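Comments concern the structure below.
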Amino acid sequence: MILIGFMGSGKSTVAHTLSDKMNLPVIDLDKEVVRMAGMEIREIFETEGEAGFRRREFEALDQVGDSECIVATGGGVVTYAPSRRLLQNMDVPVVYLHADFDTLYTRIKDDSNRPLVRSREQVNALYEQRLHIYRSAADHEIDCSASVEAVVSKLLAISQ
Ligand code: S3P
Numbered sequence: 238m239i240l241i242g243f244m245g246s247g248k249s250t251v252a253h254t255l256s257d258k259m260n261l262p263v264i265d266l267d268k269e270v271v272r273m274a275g276m277e278i279r280e281i282f283e284t285e286g287e288a289g290f291r292r293r294e295f296e297a298l299d300q301v302g303d304s305e306c307i308v309a310t311g312g313g314v315v316t317y318a319p320s321r322r323l324l325q326n327m328d329v330p331v332v333y334l335h336a337d338f339d340t341l342y343t344r345i346k347d348d349s350n351r352p353l354v355r356s357r358e359q360v361n362a363l364y365e366q367r368l369h370i371y372r373s374a375a376d377h378e379i380d381c382s383a384s385v386e387a388v389v390s391k392l393l394a395i396s397q
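Heads up, the sequence shown is in this note's numbering, so the first residue is 238 and it goes up one at a time.
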């Protein structure tokens, strides 16, 4: 299963809880990028720009291959066409964790390790731009403003 969605949608948290229940490993794509690059996300953005980060994110996603696992992606993975195509070609359900902008912004606004979180207006514009991309890339959509347990139980139903 692959989880997509905006920053703050809880992809990593939900992936770990789901992994305990399904007894499957989690691949956290942001962490893979950091491990493979030997640099923090902020550092990658500073030295290679967003384009460099997206290429690295694509390489990390490509390495997941067909392994049976739960993948928590970074919020912008769907904005890079090669990664989007890769997601479509992977033979596992892609689930979009959706919430309204205010819910997500409250969760992310003070995080200094997310280089794309700048002003509220800028983050809102990003959210608006991406909404339809998440929806078109996903096989399922789940409301992630509910509790982690509620989200995980919906994901369990999807995986059966
Ligand atoms: C990004 C989201 C981040 C991380 C990077 C870029 C984005 O992941 O990949 O800061 O473009 O939305 P999270 O969604 O886990 O915060």
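In this text, a Cβ means the ideal position worked out from N, Cα and C, and glycines have one as well. Everything numeric in this text was worked out from a predicted model, so none of it was measured.
Selection from the options that minimises the alpha carbon distance to residue i
i	options	result
R293	V315, V270 and R344	V270
I379	L334, Q397, I345 and R367	L334
F338	H377, Q359, T284 and V388	Q359
D376	V389, R351, S384 and L324	L324
P262	M238, F295 and M273	M238
A362	R279, Y342, N260 and S373	Y342
V367	T316, G247 and A387	The residue asked about is misnamed: residue 367 is Arg in this sequence, not Val. Closest option to R367, Cα to Cα, is T316.
F290	R355, E305, V314 and S373	V314
E305	R322, P330, V354 and E283	P330
Simplified DSSP assignment, three categories, for residue i
i	result
Y333	strand
E283	helix
V360	helix
L392	helix
V354	coil
A274	helix
D265	strand
A309	strand
Y342	helix
Y371	helix
N260	coil
Q397	coil
G289	helix
D299	helix
S246	coil
heavy atom of ligand 3 below 6 Å from residue i C-beta
i	result
M259	The ligand content of the structure shown is limited to ligand 1, which means ligand 3 is not among them.
Cβ pair residue i, residue j closer than 7 Å
i	j	result
A394	I307	no
A309	L240	yes
V301	I264	yes
R351	M244	yes
L255	V389	yes
Beta-bridge pairing of residue i - partner residues as DSSP gives them
i	result
D380	H335
L240	A309 and V332
Euclidean distance between Cα positions of residue i and residue j
i	j	result
S382	A336	6 Å
I281	S349	14 Å
Q397	G242	21 Å
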